[in-house]
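Per my numbering, the sequence shown starts with residue 3, numbered consecutively. Glycine included, every Cβ here is placed at the ideal spot set by N, Cα and C. For reference, the structure discussed in these notes is given below.
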Amino acid sequence: MKRFEWRWLAISSLLLVAAAVAEERPRYGGTLHVQMRSAPVSLDPMQLARADSASATSLSSLLFDTLVTVDDSGRVQSALAESWQSSRENVEWEFRLRRGVKFSDGSALTAEIAAASLRISNPSWKIRAQDNTLVIEDVGDSELLAELALARNAIVKRDQEIAGTGPFQVAASQPGKILTLAASEDCWQGRPFLDRIEIEMGKNSRDQMNAFNLRKIELAEIAPEQMHRASQEGQGLSSSARMELLALIFAKDPSSVEERQLRQALALSVERGSIRNVLLQGAGEPAGGLLPSLISGYGFVFPTASDLQKARQLRNEVRAVPAWTIGYDASDPLSRVLAERIALNAKDAGLTLRPVTGGEADLRLARIVLASSDPWVALSELLARIGLPPLKSKGGTVQDLFTQEQATLASERVIPLFHLPIAYASAPTLKDFEVHMDGTWGMEHAWLETSRP
(Lines of atoms letter the chains of each structure in order from A and count residues from 1; the text may use other names and numbers.)
(Lines give C-alpha, C1' and ligand atoms only; values in the text may rest on other atoms or scores of the structure.)
Protein backbone atom coordinates (compact mmCIF):
# COMPACT_ATOMS: atom_id res chain seq x y z
CA MET A 1 0.00 0.00 0.00
CA LYS A 2 2.78 2.42 0.89
CA ARG A 3 4.63 1.59 -2.36
CA PHE A 4 1.47 2.50 -4.34
CA GLU A 5 1.15 5.80 -2.46
CA TRP A 6 4.78 6.75 -3.16
CA ARG A 7 4.36 5.93 -6.85
CA TRP A 8 1.21 8.04 -7.05
CA LEU A 9 2.99 10.90 -5.27
CA ALA A 10 5.91 10.74 -7.76
CA ILE A 11 3.53 10.73 -10.75
CA SER A 12 1.59 13.69 -9.31
CA SER A 13 4.80 15.65 -8.80
CA LEU A 14 5.88 15.03 -12.39
CA LEU A 15 2.48 16.19 -13.66
CA LEU A 16 2.71 19.38 -11.59
CA VAL A 17 6.21 20.11 -12.92
CA ALA A 18 5.04 19.53 -16.49
CA ALA A 19 2.08 21.86 -15.95
CA ALA A 20 4.36 24.57 -14.54
CA VAL A 21 6.71 24.28 -17.53
CA ALA A 22 3.78 24.45 -19.94
CA GLU A 23 2.50 27.55 -18.14
CA GLU A 24 5.81 29.36 -18.81
CA ARG A 25 6.03 28.24 -22.45
CA PRO A 26 5.55 31.16 -24.88
CA ARG A 27 2.21 31.18 -26.59
CA TYR A 28 0.77 33.04 -29.54
CA GLY A 29 -2.12 35.45 -29.25
CA GLY A 30 -3.40 38.33 -27.17
CA THR A 31 -3.37 42.12 -27.38
CA LEU A 32 -0.75 44.08 -25.50
CA HIS A 33 -2.03 47.43 -24.19
CA VAL A 34 0.52 50.25 -23.87
CA GLN A 35 0.48 53.96 -23.07
CA MET A 36 3.21 56.49 -23.88
CA ARG A 37 3.81 60.20 -23.35
CA SER A 38 5.03 61.00 -26.86
CA ALA A 39 2.32 61.58 -29.45
CA PRO A 40 3.85 61.35 -32.93
CA VAL A 41 1.47 62.16 -35.78
CA SER A 42 3.71 60.59 -38.42
CA LEU A 43 5.02 57.03 -38.41
CA ASP A 44 7.83 57.77 -40.82
CA PRO A 45 11.01 56.64 -38.99
CA MET A 46 12.73 59.93 -39.78
CA GLN A 47 9.99 61.74 -37.85
CA LEU A 48 9.86 59.18 -35.04
CA ALA A 49 13.63 59.56 -34.52
CA ARG A 50 13.16 63.31 -33.92
CA ALA A 51 10.67 62.77 -31.10
CA ASP A 52 13.43 62.35 -28.46
CA SER A 53 11.48 59.46 -27.02
CA ALA A 54 12.59 55.87 -26.63
CA SER A 55 8.96 54.78 -26.98
CA ALA A 56 8.66 56.59 -30.32
CA THR A 57 11.86 54.91 -31.50
CA SER A 58 10.36 51.61 -30.35
CA LEU A 59 7.45 52.14 -32.75
CA SER A 60 9.97 52.42 -35.56
CA SER A 61 11.59 49.10 -34.65
CA LEU A 62 8.19 47.39 -34.59
CA LEU A 63 7.27 48.62 -38.07
CA PHE A 64 10.59 48.92 -39.88
CA ASP A 65 14.03 47.34 -40.13
CA THR A 66 17.49 48.72 -40.79
CA LEU A 67 20.23 47.12 -42.88
CA VAL A 68 22.11 46.21 -39.70
CA THR A 69 21.54 46.50 -35.97
CA VAL A 70 23.83 47.01 -32.99
CA ASP A 71 23.13 44.76 -30.01
CA ASP A 72 23.43 45.74 -26.36
CA SER A 73 27.05 44.58 -26.34
CA GLY A 74 27.93 46.93 -29.19
CA ARG A 75 28.26 44.19 -31.81
CA VAL A 76 26.93 44.78 -35.32
CA GLN A 77 24.32 42.21 -36.38
CA SER A 78 22.81 41.51 -39.78
CA ALA A 79 19.23 42.57 -40.45
CA LEU A 80 17.97 43.40 -43.94
CA ALA A 81 21.55 43.12 -45.13
CA GLU A 82 22.74 39.54 -44.70
CA SER A 83 26.37 40.42 -45.42
CA TRP A 84 28.57 43.42 -46.19
CA GLN A 85 32.10 44.38 -47.09
CA SER A 86 34.13 47.56 -47.47
CA SER A 87 37.09 48.63 -49.51
CA ARG A 88 40.26 50.02 -48.02
CA GLU A 89 39.83 53.26 -46.11
CA ASN A 90 36.08 52.49 -45.94
CA VAL A 91 35.55 54.50 -49.14
CA GLU A 92 33.00 52.08 -50.61
CA TRP A 93 30.64 49.71 -48.85
CA GLU A 94 28.59 46.89 -50.40
CA PHE A 95 25.54 45.42 -48.65
CA ARG A 96 23.97 42.22 -49.97
CA LEU A 97 20.27 42.23 -49.14
CA ARG A 98 18.42 39.35 -47.59
CA ARG A 99 16.19 37.57 -50.14
CA GLY A 100 12.52 36.83 -49.65
CA VAL A 101 11.81 39.89 -47.47
CA LYS A 102 8.45 41.54 -48.05
CA PHE A 103 7.00 44.90 -47.07
CA SER A 104 3.71 45.17 -45.21
CA ASP A 105 1.96 45.88 -48.54
CA GLY A 106 3.14 42.52 -49.92
CA SER A 107 5.81 43.86 -52.27
CA ALA A 108 9.36 42.54 -52.22
CA LEU A 109 12.36 44.34 -50.78
CA THR A 110 14.70 45.46 -53.58
CA ALA A 111 18.01 47.28 -53.66
CA GLU A 112 16.33 50.13 -55.56
CA ILE A 113 13.77 50.67 -52.77
CA ALA A 114 16.47 50.49 -50.09
CA ALA A 115 18.63 52.99 -51.98
CA ALA A 116 15.72 55.42 -52.40
CA SER A 117 14.95 55.19 -48.68
CA LEU A 118 18.52 55.94 -47.58
CA ARG A 119 18.87 58.81 -50.04
CA ILE A 120 16.00 60.59 -48.29
CA SER A 121 17.53 60.24 -44.83
CA ASN A 122 21.07 60.96 -46.09
CA PRO A 123 20.90 63.37 -49.06
CA SER A 124 24.68 63.80 -49.21
CA TRP A 125 25.42 60.08 -49.59
CA LYS A 126 26.20 58.51 -52.96
CA ILE A 127 24.06 55.38 -53.10
CA ARG A 128 23.35 53.03 -55.99
CA ALA A 129 21.58 49.71 -56.47
CA GLN A 130 23.38 46.87 -58.19
CA ASP A 131 21.27 43.73 -58.59
CA ASN A 132 20.57 42.59 -55.02
CA THR A 133 23.36 44.73 -53.61
CA LEU A 134 23.34 48.23 -52.19
CA VAL A 135 26.50 50.25 -52.75
CA ILE A 136 27.39 53.34 -50.68
CA GLU A 137 30.31 55.30 -52.12
CA ASP A 138 32.73 57.99 -50.94
CA VAL A 139 31.70 57.87 -47.30
CA GLY A 140 35.11 57.39 -45.69
CA ASP A 141 33.29 56.78 -42.41
CA SER A 142 34.49 54.05 -40.06
CA GLU A 143 31.27 54.46 -38.06
CA LEU A 144 28.98 53.80 -41.04
CA LEU A 145 27.59 50.52 -39.70
CA ALA A 146 26.54 52.09 -36.41
CA GLU A 147 25.02 55.00 -38.34
CA LEU A 148 23.03 52.63 -40.58
CA ALA A 149 21.60 51.04 -37.43
CA LEU A 150 19.95 54.33 -36.42
CA ALA A 151 16.15 54.40 -36.48
CA ARG A 152 16.13 57.28 -38.97
CA ASN A 153 17.94 55.00 -41.45
CA ALA A 154 15.24 52.32 -41.41
CA ILE A 155 14.29 51.06 -44.86
CA VAL A 156 10.89 52.42 -45.85
CA LYS A 157 8.83 52.02 -48.99
CA ARG A 158 7.28 55.45 -49.50
CA ASP A 159 4.32 55.35 -51.87
CA GLN A 160 0.88 56.72 -51.06
CA GLU A 161 1.35 55.11 -47.66
CA ILE A 162 4.58 54.07 -46.00
CA ALA A 163 5.34 50.37 -45.67
CA GLY A 164 7.92 48.54 -43.61
CA THR A 165 9.33 45.05 -43.15
CA GLY A 166 9.07 44.91 -39.34
CA PRO A 167 7.31 42.30 -37.18
CA PHE A 168 4.15 44.41 -36.98
CA GLN A 169 2.08 46.50 -39.38
CA VAL A 170 -0.48 49.23 -38.87
CA ALA A 171 -4.02 47.91 -38.40
CA ALA A 172 -5.67 51.19 -37.38
CA SER A 173 -4.47 54.67 -36.52
CA GLN A 174 -5.71 57.93 -35.09
CA PRO A 175 -2.55 60.08 -35.51
CA GLY A 176 -1.22 61.29 -32.19
CA LYS A 177 -3.91 59.43 -30.23
CA ILE A 178 -4.26 55.68 -30.76
CA LEU A 179 -2.24 53.23 -32.83
CA THR A 180 -3.12 49.57 -33.31
CA LEU A 181 -0.49 47.22 -34.68
CA ALA A 182 -1.11 43.70 -35.99
CA ALA A 183 1.44 40.90 -36.24
CA SER A 184 2.98 40.43 -39.69
CA GLU A 185 2.26 36.82 -40.52
CA ASP A 186 5.09 36.47 -43.05
CA CYS A 187 7.74 38.59 -41.33
CA TRP A 188 11.25 37.50 -42.35
CA GLN A 189 12.21 37.25 -38.67
CA GLY A 190 9.25 34.98 -37.92
CA ARG A 191 5.81 35.85 -36.64
CA PRO A 192 5.82 37.60 -33.23
CA PHE A 193 3.96 35.92 -30.38
CA LEU A 194 1.64 38.90 -29.80
CA ASP A 195 -1.34 39.24 -32.12
CA ARG A 196 -1.76 42.95 -31.64
CA ILE A 197 -0.36 45.95 -29.77
CA GLU A 198 -2.72 48.79 -28.90
CA ILE A 199 -0.90 52.03 -28.05
CA GLU A 200 -2.47 55.13 -26.52
CA MET A 201 -0.34 58.22 -27.05
CA GLY A 202 -0.09 61.59 -25.32
CA LYS A 203 -0.57 60.15 -21.81
CA ASN A 204 1.34 61.73 -18.93
CA SER A 205 2.99 59.71 -16.17
CA ARG A 206 0.02 60.00 -13.80
CA ASP A 207 -2.46 58.79 -16.42
CA GLN A 208 -0.20 55.89 -17.29
CA MET A 209 0.24 54.72 -13.70
CA ASN A 210 -3.49 55.00 -13.01
CA ALA A 211 -4.22 52.85 -16.04
CA PHE A 212 -1.48 50.40 -15.08
CA ASN A 213 -2.70 50.04 -11.49
CA LEU A 214 -6.26 49.52 -12.75
CA ARG A 215 -4.91 46.76 -15.05
CA LYS A 216 -6.09 48.55 -18.18
CA ILE A 217 -2.61 48.35 -19.71
CA GLU A 218 0.30 45.95 -19.40
CA LEU A 219 3.14 48.38 -20.18
CA ALA A 220 3.70 51.95 -18.96
CA GLU A 221 6.56 54.42 -18.91
CA ILE A 222 8.05 55.20 -15.49
CA ALA A 223 9.38 58.70 -14.82
CA PRO A 224 12.91 58.72 -13.34
CA GLU A 225 11.72 60.17 -10.03
CA GLN A 226 9.16 57.34 -9.72
CA MET A 227 11.58 54.46 -10.30
CA HIS A 228 12.43 53.90 -6.63
CA ARG A 229 8.79 53.80 -5.60
CA ALA A 230 7.84 51.53 -8.51
CA SER A 231 10.57 49.10 -7.53
CA GLN A 232 9.42 49.02 -3.90
CA GLU A 233 5.82 48.42 -4.97
CA GLY A 234 6.82 45.50 -7.21
CA GLN A 235 5.55 47.04 -10.45
CA GLY A 236 7.73 44.94 -12.75
CA LEU A 237 10.34 47.64 -13.24
CA SER A 238 12.70 47.33 -16.20
CA SER A 239 15.21 50.03 -17.12
CA SER A 240 17.86 50.86 -19.67
CA ALA A 241 21.38 52.17 -19.29
CA ARG A 242 21.67 55.90 -18.56
CA MET A 243 21.09 56.94 -22.16
CA GLU A 244 18.92 60.04 -21.71
CA LEU A 245 20.70 63.38 -21.37
CA LEU A 246 19.08 66.12 -19.30
CA ALA A 247 20.72 69.44 -20.15
CA LEU A 248 20.33 73.20 -20.40
CA ILE A 249 20.66 74.40 -23.98
CA PHE A 250 21.12 78.05 -24.91
CA ALA A 251 19.37 79.31 -28.03
CA LYS A 252 22.35 81.35 -29.24
CA ASP A 253 26.11 81.54 -28.95
CA PRO A 254 27.42 83.87 -26.22
CA SER A 255 27.84 87.38 -27.64
CA SER A 256 30.64 88.50 -25.31
CA VAL A 257 33.24 87.38 -22.79
CA GLU A 258 30.93 88.60 -20.03
CA GLU A 259 28.08 86.42 -21.25
CA ARG A 260 30.41 83.42 -21.28
CA GLN A 261 31.24 84.14 -17.65
CA LEU A 262 27.56 84.28 -16.72
CA ARG A 263 26.91 80.93 -18.39
CA GLN A 264 29.85 79.44 -16.51
CA ALA A 265 28.40 80.88 -13.31
CA LEU A 266 25.06 79.22 -14.04
CA ALA A 267 26.74 75.85 -14.62
CA LEU A 268 28.59 76.15 -11.30
CA SER A 269 25.45 77.14 -9.39
CA VAL A 270 23.44 73.99 -10.15
CA GLU A 271 23.42 71.62 -7.17
CA ARG A 272 23.25 68.35 -9.08
CA GLY A 273 23.80 66.21 -5.99
CA SER A 274 20.83 67.52 -4.03
CA ILE A 275 18.63 67.56 -7.13
CA ARG A 276 19.43 63.90 -7.72
CA ASN A 277 18.77 62.92 -4.11
CA VAL A 278 15.54 64.90 -3.67
CA LEU A 279 13.85 65.56 -7.00
CA LEU A 280 15.10 62.51 -8.89
CA GLN A 281 14.86 60.22 -5.86
CA GLY A 282 18.32 58.82 -6.54
CA ALA A 283 17.77 58.06 -10.23
CA GLY A 284 20.47 58.71 -12.83
CA GLU A 285 23.86 60.26 -12.28
CA PRO A 286 25.11 63.87 -12.39
CA ALA A 287 26.64 64.75 -15.75
CA GLY A 288 29.43 67.15 -16.60
CA GLY A 289 29.85 65.77 -20.12
CA LEU A 290 27.48 65.04 -22.97
CA LEU A 291 28.19 61.31 -23.20
CA PRO A 292 27.84 58.92 -20.25
CA SER A 293 30.96 57.08 -19.13
CA LEU A 294 29.55 53.71 -20.15
CA ILE A 295 29.94 54.61 -23.84
CA SER A 296 32.74 57.20 -23.79
CA GLY A 297 34.89 55.80 -20.99
CA TYR A 298 35.84 59.27 -19.73
CA GLY A 299 32.62 60.94 -18.58
CA PHE A 300 33.85 61.06 -15.00
CA VAL A 301 36.59 63.52 -16.03
CA PHE A 302 34.12 66.40 -16.40
CA PRO A 303 33.33 68.06 -13.04
CA THR A 304 29.78 67.99 -11.71
CA ALA A 305 30.08 69.56 -8.25
CA SER A 306 28.56 72.98 -7.64
CA ASP A 307 30.82 75.87 -6.57
CA LEU A 308 28.63 78.72 -5.39
CA GLN A 309 31.58 80.87 -4.33
CA LYS A 310 33.16 80.67 -7.79
CA ALA A 311 29.76 81.25 -9.44
CA ARG A 312 29.23 84.44 -7.43
CA GLN A 313 32.74 85.61 -8.24
CA LEU A 314 32.13 85.21 -11.98
CA ARG A 315 28.78 86.96 -11.72
CA ASN A 316 30.23 89.90 -9.74
CA GLU A 317 32.81 90.52 -12.45
CA VAL A 318 29.99 91.41 -14.85
CA ARG A 319 28.31 94.80 -14.47
CA ALA A 320 25.17 94.34 -16.54
CA VAL A 321 23.52 91.00 -15.79
CA PRO A 322 20.45 90.23 -17.90
CA ALA A 323 17.45 88.18 -16.74
CA TRP A 324 17.12 84.92 -18.67
CA THR A 325 14.04 82.89 -19.49
CA ILE A 326 14.28 79.11 -19.17
CA GLY A 327 11.81 77.08 -21.21
CA TYR A 328 10.53 73.65 -20.25
CA ASP A 329 7.97 71.09 -21.40
CA ALA A 330 4.69 71.94 -19.66
CA SER A 331 3.44 68.36 -20.11
CA ASP A 332 6.35 66.97 -18.10
CA PRO A 333 5.95 67.49 -14.32
CA LEU A 334 9.62 66.64 -13.73
CA SER A 335 10.78 69.38 -16.11
CA ARG A 336 8.72 71.96 -14.24
CA VAL A 337 10.16 71.22 -10.80
CA LEU A 338 13.67 70.96 -12.22
CA ALA A 339 13.37 74.35 -13.96
CA GLU A 340 12.11 75.92 -10.73
CA ARG A 341 14.94 74.36 -8.69
CA ILE A 342 17.60 75.47 -11.20
CA ALA A 343 16.15 78.99 -11.05
CA LEU A 344 16.56 78.96 -7.26
CA ASN A 345 20.16 77.73 -7.57
CA ALA A 346 20.86 80.52 -10.05
CA LYS A 347 19.34 83.09 -7.69
CA ASP A 348 21.81 82.05 -5.00
CA ALA A 349 24.60 82.97 -7.43
CA GLY A 350 23.04 86.35 -8.23
CA LEU A 351 21.49 85.28 -11.54
CA THR A 352 17.86 85.62 -12.60
CA LEU A 353 16.08 82.77 -14.40
CA ARG A 354 12.37 82.93 -15.15
CA PRO A 355 10.72 79.58 -16.06
CA VAL A 356 8.38 79.78 -19.08
CA THR A 357 6.42 77.22 -21.09
CA GLY A 358 5.62 79.10 -24.27
CA GLY A 359 7.35 81.24 -26.86
CA GLU A 360 11.07 81.64 -27.36
CA ALA A 361 13.33 81.28 -24.33
CA ASP A 362 16.97 82.20 -23.79
CA LEU A 363 17.68 78.62 -22.78
CA ARG A 364 15.64 75.47 -22.42
CA LEU A 365 15.65 72.39 -20.26
CA ALA A 366 15.85 69.47 -22.66
CA ARG A 367 15.65 65.69 -22.33
CA ILE A 368 17.37 63.96 -25.23
CA VAL A 369 17.69 60.22 -25.72
CA LEU A 370 21.11 59.33 -27.11
CA ALA A 371 20.62 57.71 -30.50
CA SER A 372 23.39 55.12 -30.37
CA SER A 373 25.73 53.23 -28.06
CA ASP A 374 28.53 54.10 -30.48
CA PRO A 375 30.11 57.23 -28.94
CA TRP A 376 30.96 58.93 -32.24
CA VAL A 377 27.49 58.41 -33.68
CA ALA A 378 25.83 59.34 -30.37
CA LEU A 379 27.74 62.63 -30.17
CA SER A 380 27.18 63.45 -33.84
CA GLU A 381 23.41 62.84 -33.62
CA LEU A 382 23.20 64.77 -30.34
CA LEU A 383 24.85 67.86 -31.82
CA ALA A 384 22.48 67.73 -34.79
CA ARG A 385 19.43 67.53 -32.52
CA ILE A 386 20.38 70.51 -30.38
CA GLY A 387 21.50 72.63 -33.30
CA LEU A 388 25.25 72.75 -32.64
CA PRO A 389 28.01 72.60 -35.29
CA PRO A 390 28.76 69.06 -36.52
CA LEU A 391 31.85 67.09 -35.63
CA LYS A 392 34.94 67.89 -37.66
CA SER A 393 35.46 64.17 -38.24
CA LYS A 394 34.04 60.82 -37.14
CA GLY A 395 36.07 57.93 -35.85
CA GLY A 396 39.48 57.98 -34.23
CA THR A 397 40.94 57.50 -30.80
CA VAL A 398 39.27 58.11 -27.45
CA GLN A 399 41.45 61.21 -27.15
CA ASP A 400 40.06 62.51 -30.47
CA LEU A 401 36.52 61.97 -29.20
CA PHE A 402 37.28 63.67 -25.88
CA THR A 403 38.83 66.67 -27.67
CA GLN A 404 35.75 67.17 -29.83
CA GLU A 405 33.35 66.84 -26.92
CA GLN A 406 35.46 69.23 -24.87
CA ALA A 407 35.33 71.76 -27.73
CA THR A 408 31.54 71.53 -27.79
CA LEU A 409 31.31 72.19 -24.05
CA ALA A 410 33.71 75.13 -24.40
CA SER A 411 31.20 76.81 -26.72
CA GLU A 412 29.04 77.46 -23.63
CA ARG A 413 25.91 76.49 -25.60
CA VAL A 414 25.03 73.47 -23.48
CA ILE A 415 25.25 72.63 -19.77
CA PRO A 416 24.92 68.87 -19.11
CA LEU A 417 23.02 68.06 -15.91
CA PHE A 418 22.19 64.34 -15.66
CA HIS A 419 22.28 61.06 -17.50
CA LEU A 420 19.03 59.22 -16.80
CA PRO A 421 17.82 55.66 -17.36
CA ILE A 422 14.62 54.97 -19.29
CA ALA A 423 12.23 52.78 -17.33
CA TYR A 424 8.96 50.89 -17.78
CA ALA A 425 6.51 49.03 -15.58
CA SER A 426 5.27 45.74 -17.00
CA ALA A 427 2.38 43.61 -15.78
CA PRO A 428 3.03 40.07 -14.49
CA THR A 429 1.14 38.72 -17.50
CA LEU A 430 3.67 40.23 -19.93
CA LYS A 431 6.43 37.69 -20.27
CA ASP A 432 9.93 37.92 -21.77
CA PHE A 433 9.70 41.66 -22.29
CA GLU A 434 13.07 43.40 -22.22
CA VAL A 435 14.37 46.95 -22.30
CA HIS A 436 17.31 47.45 -24.61
CA MET A 437 20.36 49.49 -23.66
CA ASP A 438 18.99 52.52 -25.54
CA GLY A 439 15.61 52.33 -23.79
CA THR A 440 13.64 50.83 -26.68
CA TRP A 441 11.20 47.98 -26.17
CA GLY A 442 12.45 44.42 -26.56
CA MET A 443 9.37 42.75 -28.03
CA GLU A 444 11.27 40.04 -29.93
CA HIS A 445 10.10 37.26 -27.61
CA ALA A 446 7.36 39.00 -25.61
CA TRP A 447 4.09 37.15 -25.02
CA LEU A 448 1.03 37.36 -22.80
CA GLU A 449 0.32 34.72 -20.22
CA THR A 450 -3.43 35.18 -20.50
CA SER A 451 -5.07 36.58 -23.59
CA ARG A 452 -7.18 39.69 -23.33
CA PRO A 453 -9.95 40.37 -25.83
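Residue range of the unbroken beta strand (DSSP E) whose run includes residue i
{"i": "Ser295", "result": "Per DSSP, Ser295 belongs to no beta strand (DSSP E); it is in the alpha helix (DSSP H), 295 to 298."}
{"i": "His447", "result": "From DSSP, His447 is part of no beta strand (DSSP E); its letter is neither H nor E."}
{"i": "Leu239", "result": "239 to 241"}
{"i": "Ile138", "result": "135 to 139"}
For residue i, three-class secondary structure by DSSP
{"i": "Gln67", "result": "Gln is not the amino acid found at residue 67; the sequence shown has Asp there. Of the three classes helix, strand and coil, the one that applies to Asp67 here is strand, per DSSP."}
{"i": "Trp443", "result": "strand"}
{"i": "Val23", "result": "Note that Val23 has pLDDT 43, beneath the 50 cutoff, so the model's placement of it is unreliable and no number is given."}
{"i": "Lys349", "result": "helix"}
{"i": "Gln171", "result": "strand"}
{"i": "Val416", "result": "strand"}
Check whether residue i and residue j have beta carbons under 7 Å apart
{"i": "Phe195", "j": "Trp378", "result": "no"}
{"i": "Arg314", "j": "Ala345", "result": "no"}
{"i": "Leu34", "j": "Pro42", "result": "no"}
{"i": "Ala373", "j": "Glu362", "result": "no"}
{"i": "Gly441", "j": "Ser242", "result": "yes"}
{"i": "Pro288", "j": "Arg274", "result": "yes"}
{"i": "Ser428", "j": "Leu221", "result": "yes"}
{"i": "Val416", "j": "Ala249", "result": "yes"}
{"i": "Leu316", "j": "Ala267", "result": "yes"}
{"i": "Leu282", "j": "Pro226", "result": "yes"}
{"i": "Ile201", "j": "Val36", "result": "yes"}
{"i": "Leu2", "j": "Gln408", "result": "The chain is shown from 3 up to 455; residue 2 falls before or after that span and cannot be answered."}
{"i": "Arg244", "j": "His421", "result": "yes"}
{"i": "Met203", "j": "Ala285", "result": "no"}
Candidates the options, of which the one nearest residue i by Cα
{"i": "Thr135", "options": "Ala225, Lys396, Ile115", "result": "Ile115"}
{"i": "Arg193", "options": "Gly178, Thr167, Pro177, Arg208", "result": "Thr167"}
{"i": "Val280", "options": "Glu223, Leu381, Val339", "result": "Val339"}
{"i": "Asp188", "options": "Ala267, Leu264, Asp107, Lys205", "result": "Asp107"}
{"i": "Val103", "options": "Val320, Ile417, Lys159", "result": "Lys159"}
{"i": "Ile297", "options": "Asp67, Asp376, Leu411", "result": "Asp376"}
{"i": "Asp73", "options": "Glu446, Trp443, Met439", "result": "Met439"}
{"i": "Phe170", "options": "Thr431, Glu446, Tyr300", "result": "Glu446"}
{"i": "Ala307", "options": "Pro418, Arg356, Ile424", "result": "Pro418"}
{"i": "Thr68", "options": "Ala322, Leu403, Glu149", "result": "Glu149"}
Extent of the continuous alpha helix (DSSP H) run through residue i
{"i": "Gln315", "result": "310 to 318"}
{"i": "His230", "result": "229 to 234"}
{"i": "Ile388", "result": "377 to 388"}
{"i": "Thr410", "result": "400 to 412"}
{"i": "Arg130", "result": "Where Arg130 is concerned, there is no enclosing alpha helix (DSSP H), although the beta strand (DSSP E) it sits in stretches over 128 to 132."}
{"i": "Gly286", "result": "Careful: Gly286 lies outside any alpha helix (DSSP H) and carries neither H nor E."}
{"i": "Arg121", "result": "113 to 123"}
7 Å Cβ cutoff, residue i in contact with chain D
{"i": "Leu293", "result": "Going by chain labels, chain D is absent from the structure shown, which holds only one protein chain."}
Cβ contact (3+ pairs, closer than 8 Å) linking the stretch 81 to 99 and the stretch 130 to 140
yes
Under 8 Å, with one C-beta from each stretch per pair, do the stretch 146 to 163 and the stretch 173 to 189 reach the 3-pair mark?
no
Across the stretch 207 to 222 and the stretch 397 to 406, are there enough close Cβ pairs to call them in contact, namely three or more that are closer than 8 Å?
no
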